[in-house]
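One structure below.
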Amino acid sequence: MSDCLFCRMVAGEIPADVVHETDRTLAFRDINPQAPTHVLVIPKEHHPTVAAVAQVDPDLLSAVVRAAAAVAVQEGLATEDGVEPGYRVVTNTGPAAGQTVHHLHLHVLGGRPMTWPPG
Ligand code: 5GP
Ligand code: ZN
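Counting with UniProt numbering, you get residues 1 to 119 for the letters of the sequence shown.
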């Protein structure tokens, strides 16, 4: 989709600080980080929400989740077989959750204590 910000990043039309890439996923640093580590993990293919991907391509959803886990390890937020120090994965869906970019993205947040509920 030519008018989608994240599709344009995948296409290389807008610069991205890429930290991880697979054949089907891309991960880059958020421009307005909410934690010391704040990475967005997206499918290269355009899908508006997690629900949309789950319905039409569950393998792609799995690839995005696995990429988020790999980013967490790469960023020192967890080990291959452990959960220390820990991190949060969030995906906002729709206006009530504050979704502003309508291309599925998992926020991977870490490097500081996380409060719950998030507000
Ligand atoms: P949402 O609000 O849809 O869950 O998250 C969208 C995220 O995209 C926000 O955290 C916002 O900071 C990030 N974002 C918006 N524009 C850009 C951009 O041009 N580059 C990067 N790297 N992140 C962006
Ligand atoms: Zn898109």
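We put the beta carbon where it would ideally sit given N, CA and C, even for glycine. Everything numeric in this text was worked out from a predicted model, so none of it was measured.
Look up residue i in the DSSP assignment and say whether it is helix, strand or coil.
i	result
Pro-33	coil
Leu-61	helix
Ala-27	strand
Pro-95	helix
Quick check: residue i and residue j, are their CB atoms within less than 7 Å of each other?
i	j	result
Arg-112	Pro-36	yes
His-46	Val-53	no
Leu-109	His-38	yes
With residue i as the anchor, note down where its alpha helix (DSSP H) starts and where it stops.
i	result
Arg-8	5-10
In or out: residue i buried (at least 16 other Cβ within 10 Å) or exposed?
i	result
Glu-115	Contrary to the premise, residue 115 reads as Thr rather than Glu in this sequence. Exposed, since its Cβ has fewer than 16 Cβ neighbours within 10 Å.
Ile-31	exposed
Pro-117	exposed
Leu-5	exposed
Val-10	buried
Can you give me the C-alpha to C-alpha distance between residue i and residue j, rounded to a whole angstrom?
i	j	result
Glu-75	Asp-57	27 Å
Gly-86	Thr-79	9 Å
Gly-98	Asn-92	6 Å
Glu-21	Val-64	10 Å
How would you write the range of the beta strand (DSSP E) that residue i sits in, first residue to last?
i	result
Ala-19	The amino acid at residue 19 is misidentified as Ala; the sequence shows Val. Residues 18-21.
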